[in-house]
DNA sequence: CTGAAAGCGCTTACAG
DNA sequence: CTGAAAGCGCTTACAG
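Residue numbers (our numbering), protein chains in the order written: chain S, 34 to 364; chain R, 34 to 364.
Pasting the structure below:
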């Protein structure tokens, strides 16, 4: 095995110019059949594989995308990532994945790094950055799809899940079952606030009683949910139901209830958010709100490819994805 | 916002050559303090961000790694991926992730694409390709860490989990509990065979009765486990325990048992493999064999960085990672 | 302490 | 139907 061949080697071997080799390979210009055959032979013989790096520099397109997520190990993201990768694979894109842990600084750094690497587009699950911030960092021309993200003036394409719809359904469901005292365990302060806000909107609309001490902020983890619920459930009066900003938190809340001898759903109803695979497998099975991960990834792929096709001048697009209550056993 | 600046723009703005700008930025050559200050000013003013693509082409290093997995949405891989990304992030590597679905053709195509993109190293979770195949495809010099993978002459660095240890523990555990009739639901034919082989070795050593019709092959999914178990458990005689090549299959097997009214663990013991997060959350909680995903990713990062540092001539390294039985409720 | 120029490996106007 | 040459945006011998 010889070291990597260049297009000039192929040209020499086939007795033509590298211009012609390039055209034979790309098909952008007709090449005489006999010439083409000689070239293909040479390519074969030398095991020539074009350097995509050089192509990228020359064409100013990398055929590379960036996926920026808080944490790929969080069960929500892999399904979304897979759908995105599948959606763009057909057109020859590969995807750089990086984690931010939801940290504003991490999100900013990830964006800058991806810009420096000249990716053709970015999908960002944003917790701490507005689309305007994103646009400022990446410049005016780079295709970006933000998922979720803080509201405000929209300066990127956007995929949002209509959290308020599922949340509203859930609150109404609890209300119909006679629940009046209601708590909410949200993600970390400053992140995912919009879920808390949507929840409060629905709860207020139905006249639910949401005491301040029944609202907690915690990391998006099982341990976070456990800790939050342990303190929340220790008060002299406790809510009849707790809704959570994601399923992991909800599973932690159920852990806490179990530890305290509180029966679910009899003494306490628990509702999660996301509908990760595990939700259907825990005991009791978790009632939750679907966050269509796979659809989100597929929609990002669509939007990004459309944006790449249409250019930066076309108006920003927003896709709103449905969420809905999935009744199981925990509420 | 103006379009992307080049190093020549900075040089003009600062009144120096691009050579000096390059050196000021990289620190590879001393630059007079005053000159450096002018350059940094210009960089700031123009919002110059070096094109890593051009740097990569010139330096013949991309600071990019490839992670090739069967399916990032399979719960085993995200934890491993996260640990890998964390392990190489500090030294400025970004990672391209792609899925193969365990298909030999997909694995080959992924490798070729990554070679064409001139990644500095590859981590591959291989189901269908030997290290010799991999080496042939990528050439002699590219750092590659294969995880798992078919055995044979080793031509890449290698991370293997000692499946046989945990499998042996599990078989012994069942034997000690009086189990003699034992089945195994493996992954797809040709993949993961080594788990079946390791299982059979342990089972034979202890004189277990493993009838041919108690061994099945199925995709690494819950549905696969369900289907396999439905036919396996329908025979006139059925095993007292079923071990599985992964947790998803085991969860499917438990689904099937439930559907058939077979009580776990009383009438049938079930043991999984991997210890994914869900394993501790299902009912009954799944007894399984730990497959240290996060440690695997971290070890891949270590090996790859060491290989990149030492060059292709250093002898291949192998790391064997421990597996062990985790007793829960299903066996 | 600094610069002019070559070159990484491609693609593509321009020309014949 | 084909080729010579410029250029994508950097880094680095070589020279002073």
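Even glycine gets a Cβ: it sits at the ideal position worked out from N, Cα and C.
Under the DSSP assignment, residue 217 of chain R falls in the beta strand (DSSP E) whose first and last residues are 215 to 219. Spatial neighbours of residue 335 of chain R in its own chain (CB-CB distance under 7 Å, excluding positions within 5 residues in sequence) are listed in chain order as 120.
Membership of residue 265 of chain S in the alpha helix (DSSP H) is indicated by the continuous run 255 to 265.
Put simply, the CB of residue 324 of chain R is far from chain S, with every gap to its CB atoms at 8 Å or more. DSSP places residue 307 of chain S within a strand segment (E or B) once states are collapsed to three. Using a Cβ distance threshold of 8 Å, residue 160 of chain S and residue 208 of chain S do not count as a contacting pair. About 4 Å separates the beta carbons of residue 216 of chain S and residue 272 of chain S, which is inside the 8 Å limit, making them a contact pair. Only 82, 83, 84, 85, 86, 87, 89 and 90 from the stretch 78 to 94 of chain S bring a Cβ to less than 7 Å from some Cβ of chain R.
Within the stretch 122 to 148 of chain R, the complete beta strand (DSSP E) segments of 3 residues or longer fall at 127 to 132, listed in chain order.
Close to chain R, meaning a Cβ-Cβ distance shorter than 8 Å, is no residue of the stretch 343 to 362 of chain S at all. Taking a Cβ-Cβ cut-off of 7 Å, the neighbours of residue 146 of chain R in chain S comprise 127, given in sequence order. Cβ-Cβ distances below 6 Å link residue 362 of chain R to 317 and 318 in the same chain, with the five nearest sequence neighbours on each side left out; the list follows chain order. Within the DSSP bridge table, the entry for residue 191 of chain S names S:179 and S:351 as partners. Checking the DSSP bridge columns, you'll see residue 157 of chain S partnered with S:101 and S:179. Near chain R, meaning a CB-to-CB distance below 7 Å, the residues of the stretch 308 to 342 of chain S are 310, 311, 314, 315 and 316. Counting the other CB atoms within 10 Å of its CB gives residue 222 of chain S a total below 16, which places it among the exposed residues. Taking all protein chains in view, the Cβ of residue 92 of chain R is surrounded by fewer than 16 other Cβ atoms within 10 Å, so the residue is classified as exposed. Between the alpha carbons of residue 74 of chain S and residue 43 of chain S lies a gap of roughly 9 Å. Spanning the alpha carbons of residue 358 of chain R and residue 364 of chain R requires a straight line of approximately 11 Å.
Contact note: residue 132 of chain R reaches chain S through 115 and 118, using a C-beta cutoff of 7 Å and chain order.
Taking 8 Å as the threshold, the shortest C-beta distance from residue 280 of chain R to chain S does not fall below it. Annotation: the stretch 49 to 99 of chain S contains the following complete segments of the alpha helix (DSSP H) (minimum length 4 residues), in chain order: 51 to 59, 66 to 79 and 85 to 92. Nearest CB-CB separation between residue 262 of chain R and chain S: not below the 8 Å threshold. Secondary structure note for residue 274 of chain S: its beta strand (DSSP E) is the uninterrupted segment 274 to 277.
Residue 107 of chain S carries a coil assignment under DSSP once its states are collapsed to helix, strand and coil. Membership of residue 248 of chain R in the beta strand (DSSP E) is indicated by the continuous run 248 to 250. With a beta-carbon spacing of about 7 Å, residue 113 of chain S and residue 327 of chain S fall inside the 8 Å limit used to define contacts.
Residues of chain S whose Cβ lies closer than 9 Å to the Cβ of residue 111 of chain R are, in chain order, 104, 105, 106, 107, 108, 110, 111 and 114.
284: these are the residues of the stretch 281 to 305 of chain R whose beta carbon lies less than 8 Å from some beta carbon of chain S, given in chain order. Distance between residue 302 of chain S and residue 194 of chain S, taken at the CA atoms: about 24 Å. With contacts defined by Cβ atoms closer than 8 Å, residue 111 of chain S and residue 132 of chain S do not form a contacting pair. For residue 149 of chain S, the nearest beta carbon of chain R is closer than 8 Å to its own beta carbon. Per DSSP, residue 346 of chain R is not a residue of any alpha helix (DSSP H), being assigned neither H nor E. Membership of residue 197 of chain S in the alpha helix (DSSP H) is indicated by the continuous run 196 to 209.
Under DSSP, residue 302 of chain S takes part in a beta bridge, and its partners are S:274.
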